[in-house]
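These notes concern the structure reproduced below.
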Amino acid sequence: MTAVSDMVQGAGVVRKRTRLQRLKDNRKLWRGIAAVVIALVFWEVGSRWDQWFGFTLPFIGLIPPPTDVAVAWMSVLPQPGYWESWYLSFKRVLAGFLVAQLVGIPLGLALAVNRYFREFFFPVFEILRPIPPLAWVPASLIFWPTNEMSIAFVTFLGAFFTIVINVLGGARTIDISLLRAAQSMGATQWDMFWKIVLPGTLPSIFTGAAVGMGITWEVVLAAEMISGGGTQGGGGLGFFIWNSYMGGSLPHIVVGMISIGIAGYVSSSAIRWLGDWAMPWRRLF
Amino acid sequence: MSEINGASGRASGAIVMDGVRKGYGEDWSWQQVIESVSLDLPPGQFTAVVGPSGCGKTTLVNLLAGFERADEGSIAVDGRIVSGTSRDRMVVFQESALMPWLTTYQNVAFGPKLRGDMRGAALDREIDRLLNKVGLAEFKDKFPLQLSGGMQRRAELARAMINSPSIMIMDEPFRGLDAMTRELMQEFLLRLFEETGRTHFFVTSEIEEAIFLADRLVVLSNRPVTVRTVIDIELPRPREFHLLSTPEAYDYKREALEILHEEAMKSFGGGGSVQNELVEAIARRG
Ligand SMILES: Nc1ncnc2c1ncn2[C@@H]1O[C@H](COP(=O)(O)OP(=O)(O)OP(=O)(O)O)[C@@H](O)[C@H]1O
Ligand SMILES: [Mg+2]
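Same order as they appear, the protein sequences are chains Y and C. If you're matching positions, the first sequence starts at 1 in my numbering and goes up one per residue. If you're matching positions, the second sequence starts at 1001 in my numbering and goes up one per residue.
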């Protein structure tokens, strides 16, 4: 008995610690930081091997050292063009992603709840689904009047199929006992859809969103590189990298790559945060 | 006196099954699950149904609850033919069927809120009363995943009870609980039944559980299901756990076990089946 009450008190004490103490004791955080620092040091030394020891290491010797990348980054930070790249890429990702959600979630749910709808549309869907988004690029360039619209369409497709499959799968695996219990208590079809099927599918909706978001970024960047800069449908972080490549600036290429990494991290964090907020029953422990 | 039967004191929930048949599959894969079940269960009684595992107990539950329709025959409750679900027949399922995204309180409130027949302070009071009864008052704002197995079962009982059904249908509700919790839940359910006198249709594969709880014991055959026998359990109420070690309880147990054993052996029969050969091989070796 004493052991249990000790544990309970212990837990209470943990909660009373200050923010600073918590930060100090956050081993996971410190290990993560240590890993990044060590990686940077190795990278720096590896890249500068040539300067310091007179010969170039394979692979790593060709990459600009982190200090050069940092300098390049500092130089682009004040430039509006760099931020416009962020803005353009984010805008494209968000547009494609949101439209894919708006169309994909209802379609996935409809496929799940209506047998006739499923039998009619699912085969077509399954034939189109394996086509990679980038294989749609030429067709959509011909089909859509502007480059921007082609990019938007391909981006949409990238997330769309994943979202539909996740929603459909999630809704189909809802425990039939839940539906039967609700039915016994007097639920109508409408009630069962809104009160059982939809909340029951939420976890899969967020899984689909997380995967779909990743695909959307891939597609947007690839499309930006393909379409190039210039008049319309240009710009964005993908174009930033391509432009740096054409200009022969290795540090800027790396800046672009890391920027994309950060952008992806921000996007997936946002989805995780939204998921935690929408599904309080999933963050219990 | 009893909360469901109201002032009239007349129990409701009489179940009459008449030649019920049910099977699944297409012509070429037809599988008869329920051959013929006829039962006449008086209201206000606790009926326990035992049968070999996989024989079709859940199928029978689905028919009584109105989730599925019998191919032939009929089921009537209080003289009305069952043709679909009804809040008069609440089911506590084999696996937990609480909505994972609702708290204990919200789960219990689900039925009344849906129908809008109880709301506001009256609903709060009723839920508090039921949660107190099942010992979950402190856990009303917890999600199902935060509850232990036994607590989940009690939450489910409360969720069913708030709809004041005339019959509680329970499909192996305590399967998967550890022995200790299971015993506590049996005693808890027994108290609840003895207090309310509500009709119970309780499916189990545990013979002792059935004898401890029931007024009558229905023993089913192997698939395709028929009723092998109905045993009236005339043990005095209120019951205590030590009742199970009395000679009377033992006699009931032996009687039911003999039939169940016979039925269980049949599934190993059928000459030349893989199971049969396996059993014989093991028997020869031993
Ligand atoms: N919807 C269905 N479609 C096809 N076959 C079914 C269906 N429901 C049940 N069955 C078959 O009916 C038989 C009996 O199943 P049921 O679940 O009723 O048995 P049970 O006695 O409840 O088993 P357990 O002891 O495992 O709970 C099984 O062979 C099963 O395959
Ligand atoms: Mg079963």
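Positions of the beta carbon are idealized from the N, C-alpha and C atoms, including for glycine. Only a predicted model underlies this, so the values are computations on that prediction, with no experimental measurement involved.
Taking its Cβ as the centre, do 16 or more other Cβ atoms sit within 10 Å of residue i, making it buried, or is it exposed?
i, result
"Y:F120", "exposed"
"Y:W217", "buried"
"Y:D68", "buried"
"C:T1047", "buried"
"C:S1245", "exposed"
"Y:I127", "exposed"
"Y:V255", "buried"
"Y:I226", "buried"
"Y:W136", "buried"
"Y:R115", "exposed"
"Y:T173", "exposed"
"C:P1173", "buried"
"Y:Y265", "exposed"
"Y:I258", "exposed"
"Y:A263", "buried"
"C:F1241", "exposed"
"C:E1156", "buried"
"C:F1110", "buried"
"C:I1127", "buried"
Cutting at 7 Å between CB atoms, please list the residues of its own chain near residue i, excluding the five before and the five after it.
i, result
"C:A1249", "I1211, L1235, L1243"
"Y:S204", "N166, V167, G169, G170"
"C:G1056", "V1033, I1034, R1223, V1225"
"C:K1266", "N1222"
"Y:W144", "S150, F153"
"C:Q1031", "G1023, Y1024, G1025"
Which chain Y residues sit within Cβ distance under 9 Å of residue i?
i, result
"C:T1059", "Correct list: empty, because the minimum Cβ distance to chain Y is about 13 Å."
"C:F1110", "A181, A182, M185, A187, K195"
"C:V1091", "S177, R180, A181, S184"
In its own chain, which residues sit with a C-beta less than 8 Å from the C-beta of residue i, not counting the 5 before and 5 after it?
i, result
"C:L1114", "none"
"C:R1154", "V1134, G1135, L1136, M1185, F1188"
"Y:Y245", "I253"
"C:I1075", "I1015, V1016, M1017, D1018, V1020, L1063, L1064, I1081, V1082"
"C:Q1106", "M1099"
"C:I1207", "V1050, K1253, A1256, L1257, L1260"
"C:S1148", "T1181"
"C:R1228", "V1219, L1220, S1221, I1259, E1263"
What does residue i touch in chain A if you count any residue whose Cβ is under 7 Å from its own?
i, result
"C:E1095", "Considering every chain present, this structure includes no chain A. Its protein chains are Y and C."
Restricting to Cα atoms, I'd like to know which of the options is closest to residue i.
i, options, result
"C:L1060", "C:A1256, C:F1201, C:W1028, C:G1149", "C:F1201"
"Y:S267", "Y:L250, Y:I215, Y:A223, Y:V254", "Y:I215"
"C:L1184", "C:E1209, C:S1164, C:R1237", "C:E1209"
"C:R1089", "C:P1100, C:R1175, C:P1165", "C:P1165"
"C:R1069", "C:D1141, C:V1082, C:V1077", "C:V1082"
"C:F1042", "C:L1260, C:F1139, C:A1214", "Sequence inspection shows Pro at residue 1042 of chain C; the Phe mentioned does not correspond to that position. Cα-wise, what sits closest to C:P1042 is C:A1214."
"C:I1015", "C:K1022, C:I1167, C:T1104, C:P1144", "C:I1167"
"Y:I105", "Y:A270, Y:M279, Y:M246, Y:G208", "Y:G208"
"C:V1077", "C:P1173, C:D1018, C:M1151", "C:D1018"
"C:D1040", "C:G1013, C:D1178, C:T1058", "C:G1013"
"Y:I60", "Y:L77, Y:Q21, Y:A39, Y:A210", "Y:A39"
"Y:V113", "Y:A278, Y:W190, Y:R19", "Y:W190"
"C:S1205", "C:L1260, C:E1126, C:V1108, C:M1099", "C:L1260"
"C:Y1252", "C:G1044, C:E1262, C:L1217, C:R1237", "C:L1217"
"C:V1108", "C:T1058, C:R1129, C:R1182", "C:R1129"
"Y:G235", "Y:L88, Y:V93, Y:V45", "Y:L88"
"C:L1192", "C:D1117, C:E1072, C:G1044", "C:G1044"
"C:L1145", "C:I1231, C:W1101, C:F1067", "C:W1101"
"C:L1220", "C:R1254, C:E1263, C:W1028, C:E1195", "C:E1263"
"C:M1161", "Y:A34, Y:A100, Y:S184, Y:A278", "Y:S184"
"Y:A222", "Y:A210, Y:F240, Y:V211, Y:F55", "Y:F240"
Once the 5 residues before and after residue i are set aside, which same chain residues still bring their CB inside 6 Å of it?
i, result
"Y:I196", "L178, L179, A182"
"C:M1170", "V1092, F1202"
"Y:A3", "Since pLDDT at Y:A3 reaches only 42, below the 50 mark, its modelled position is unreliable, and no value is offered."
"Y:T231", "Any answer about Y:T231 is weak, because its pLDDT of 47 lies below 50 and its placement is not dependable; what the coordinates show is given next. Nothing listed; no residue qualifies."
"Y:E48", "Note that residue 48 of chain Y is Arg in the sequence shown here, rather than Glu. Hits under 6 Å: P65."
Residues of chain Y with CB closer than 7 Å to the CB of residue i, please, in chain order.
i, result
"C:L1157", "Here the premise fails: no neighbours, minimum Cβ distance about 13 Å."
"C:T1085", "Q183, S184"
"C:F1067", "R180"
Going along chain C in order, which residues have a C-beta closer than 9 Å to the C-beta of residue i?
i, result
"Y:P199", "M1099, P1100, W1101, L1102"
"Y:D276", "None at all; the shortest Cβ gap to chain C is about 13 Å."
Could you work out which residues of chain C lie near residue i, taking near to mean beta carbons separated by less than 7 Å?
i, result
"Y:W281", "P1100, W1101, F1143, L1145"
Would you mind telling me which residues of chain Y sit closer than 8 Å to residue i, beta carbon to beta carbon, in chain order?
i, result
"C:V1225", "Under the 8 Å cutoff, chain Y gives no residues; its nearest Cβ is about 21 Å from C:V1225."
"C:L1114", "A182, M185, G186, A187, D191, K195"
Unbroken alpha helix (DSSP H) runs of length 4 or more, entirely within the segment 1218-1268 of chain C: which are they? 1247-1266
With a floor of 3 residues, list each beta strand (DSSP E) that falls wholly inside the segment 1014-1093 of chain C, ordered by position along the chain. 1015-1024, 1031-1041, 1046-1050, 1072-1077, 1089-1092
Please list the segments of the beta strand (DSSP E) lying wholly inside the segment 1183-1211 of chain C, counting only runs of 3 or more residues, in order along the chain. Counting only runs of at least 3 residues, the segment 1183-1211 of chain C fully encloses the following beta strand (DSSP E) elements, listed from N- to C-terminal order: 1199-1204.
Going along the chain, which unbroken runs of the alpha helix (DSSP H) with 4 or more residues stay wholly within the segment 8-80 of chain Y? DSSP runs (the alpha helix (DSSP H)) wholly in the segment 8-80 of chain Y: 19-25, 27-53, 66-76.
Which residues, in chain order, sit with a beta-carbon under 5 Å away from any heavy atom of ligand 3? Here the bound small molecules are ligand 1 and ligand 2; ligand 3 is not part of this structure.
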